[in-house]
Every structure is written in C-alpha cells, then in structure tokens.
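Q: Numbering (the working numbering), first residue to last: 201 to 320. For each residue, glycine too, the CB sits at the ideal point set by N, CA and C.
(1) Is residue 209 near residue 250, with beta carbons less than 8 Å apart?
(2) Helix, strand or coil for residue 232, going by three-state DSSP, please let me know.
(3) Let me know if residue 295 comes out buried or exposed under the rule of 16 or more other beta-carbons within 10 Å of its beta-carbon.
(4) Quick one, which of 202, 229 and 222 has its alpha-carbon nearest residue 279's?
(5) Here's the rule: buried if 16 or more other CB atoms are within 10 angstroms of the residue's CB, otherwise exposed. What is residue 267?
(6) Give me, in chain order, the residues of the same chain whose beta-carbon lies closer than 6 Å to that of residue 299; leave out the 5 immediate sequence neighbours on both sides.
(7) Do residue 242 and residue 233 have their CB atoms nearer than 8 Å?
(8) Secondary structure at residue 286, three-state DSSP: helix, strand or coil?
Spelled out as structure tokens, the structure:
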C-alpha cells in the first residue's frame with residue numbers, strides 16, 4: 201500500500217494542527233506530532249518541510265531528531281508522565297484487563313525507547 205503525495209500532505213497538516221493543540225493542551229503531546237509532520241512534509245511538500253525546519257519553535261526539535269535522534273529531557277519527562285496518566289485514567293475508569301495489560305506493555309516499551317534516546 202502506498203500513500204499518495206496528497207495523503208502525505210494531509211498527514212503533515214493534521215500533525216501540525218495536533219502539535220499546535222498539544223502546545224496548548226496538557227494531555228496532548230507536541231514533539232511526536234511535529235516529527236510526524238516533518239516526515240510527511242518531506243514526502244509531499246518541500247515548501248512546507250522548509251517552513252517546519254525554519255520554524256522558531258519546531259525547527260530545532262526536528263533537526264535534532266534527524267541529526268542524532270535527540271529528545272529533549274523536558275519532552276521525555278512530559279511524555280512519560282502523560283503515558284502514566286493515560287494508563288491511570290483507563291485503570292480508574294474500569295478499562296478491561298486485556299486493554300490495561302496491552303497498553304501497559306506498549307507504554308513501558310515506548311518509555312524505554314524514549315528514555316534510551318540521547319538528550320542533547
């Protein structure tokens with residue numbers, strides 16, 4: 201299955217929108233959506249990718265990730281906290297055991313990967 205140029209562009213724009221929302225809303229991540237937007241823009245719109253790379257707030261994050269897969273310490277901490285909070289919300293709302301176990305394993309793997317990335 202291949203995604204068309206237009207499909208990548210839609211992913212890029214939606215991801216930037218979610219990244220902007222994540223900068224405002226406490227439970228929505230920003231960094232991951234910025235990275236997805238840059239990835240998709242690189243496959244669909246050189247102009248949009250350039251805008252992202254030169255953006256005052258988003259650009260350094262993308263460039264650090266591309267150069268050395270660097271994740272800032274603040275982003276690591278926030279991501280881990282949000283993973284834990286998300287799992288706890290499901291737990292306290294009575295989510296099924298299979299879902300809690302699956303997401304718990306996934307979140308632990310994700311946190312391990314994230315924490316293993318260099319900070320600078």
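A: The relevant details are as follows:
(1) Residue 209 sits at position 9 when you count from the first residue of the chain shown. Residue 250 sits at position 50 when you count from the first residue of the chain shown. In terms of Cβ geometry, residue 209 and residue 250 do not form a close pair [threshold 8 Å].
(2) Translated into the one-based positions of the chain shown, residue 232 becomes position 32. Residue 232 falls in the helix class under three-state DSSP.
(3) Position 95 of the chain shown, counted from the first residue, corresponds to residue 295. Result: exposed.
(4) By one-based count along the chain shown, residue 279 stands at place 79. Closest option to residue 279, Cα to Cα, is 229.
(5) For the purposes of this step, residue 267 is identified with residue 67 of the chain shown, where counting begins at 1. Residue burial annotation: residue 267 is exposed, with fewer than 16 other C-beta atoms found within 10 angstroms of its C-beta.
(6) By 1-based counting over the chain shown, the position of residue 299 is 99. Here the set comprises nothing.
(7) Translated into positions along the chain shown, residue 242 becomes position 42. Translated into positions along the chain shown, residue 233 becomes position 33. No; because the gap between Cβ atoms is not below 8 Å, this pair is not in contact.
(8) Position 86 of the chain shown, counted from the start, is the residue given in the question as residue 286. Residue 286 sits in a helix when the DSSP states are folded into three classes.
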